[in-house]
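Structure first, then comments.
Numbering (full-length UniProt numbering), first residue to last: 1 to 264.
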């Protein structure tokens, strides 16, 4: 789950044919996000790892400062170890790398929201700072995924999983806060997102030959049990319970029709 989906839907959900009405709603949403800045500062920004403690891909790869002969020998060892991995695993690795690298498109989209103020990519505002830190951590995952060997694979997976756990905590807390600040719009935005489905950046992957490349990649992931439709359903079930959607006053009173969509 990525933060861009919900925030973008919050901006557009329940659009009116009246232009001025739309502008007023966008302004209201921007004001709402602005009001959350101090909360972002105290609750979400601490979930980012300090720069001085952040890892870099070269921490797990051959040291390029070594003498040429030793460096190339280390690279050769890395390639030999990677050969032991089944082709299906490499397919998943490359697909995941493409998705991670494309996540910057989410940052660009969210930066354009009025409340974020991140268009310059150097804004000191809390929302913009968190987005920059988040995308930097995701980008490191992509760079590391390009070069690895199975000797380091367990450690690499552990490092990335720890990053993603912190990201998950941020996503959950942000939407949790949105339910608190504006439950009516948040429930509608969540339902709209589920109706349209979450589209990952990797869906646009193309090798110049196969028009069904992403579908094939997804089929491999499903077959290997790496990420299945059951996993997707489990994630949704967890979030619905965590955000207490079913017991939301707005959900019960105003949005009973959405129960079918949420399947609760």
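The beta-carbon is built from N, C-alpha and C at its ideal position, and this holds for glycine as well.
Taking C-beta atoms as the reference points, residue 213 and residue 133 fail to come closer than 8 Å.
Counting the other CB atoms within 10 Å of its CB gives residue 235 a total below 16, which places it among the exposed residues.
Secondary structure of residue 124 (DSSP, three-state): coil. Between residue 41 and residue 126, the gap from beta carbon to beta carbon is short of 8 Å. A residue is called buried once 16 or more other Cβ atoms fall within 10 Å of its Cβ, and residue 99 is buried on that count. Boundaries of the alpha helix (DSSP H) around residue 107: 104-111.
Assignment of residue 208 by DSSP, reduced to helix, strand and coil, places it in the coil class. Short of 7 Å from the beta carbon of residue 94, and not among the five residues preceding or following it, lies no beta carbon of its own chain. With contacts defined by Cβ atoms closer than 8 Å, residue 51 and residue 226 do not form a contacting pair. One thing to note: residue 243 has its Cβ no nearer than 8 Å to the Cβ of residue 181. Scanning its chain for C-beta atoms nearer than 6 Å, with the 5 sequence neighbours on each side dropped, one finds around residue 74 the residues 62, in chain order.
A check of alpha carbon separations from residue 158 across 60, 110, 36 identifies 60 as the nearest. For secondary structure counted as the alpha helix (DSSP H) over 4 or more consecutive residues, the stretch 219-246 holds these complete runs in sequence order: 229-242. With respect to residue 224, residue 88 sits close: the two C-beta atoms are nearer than 8 Å. Assignment of residue 198 by DSSP, reduced to helix, strand and coil, places it in the coil class.
Residue nearest to residue 43 within the set 68, 177, 25 is 177 (criterion: CA-CA distance).
Secondary structure note for residue 60: it is in no alpha helix (DSSP H), with a DSSP letter that is neither H nor E.
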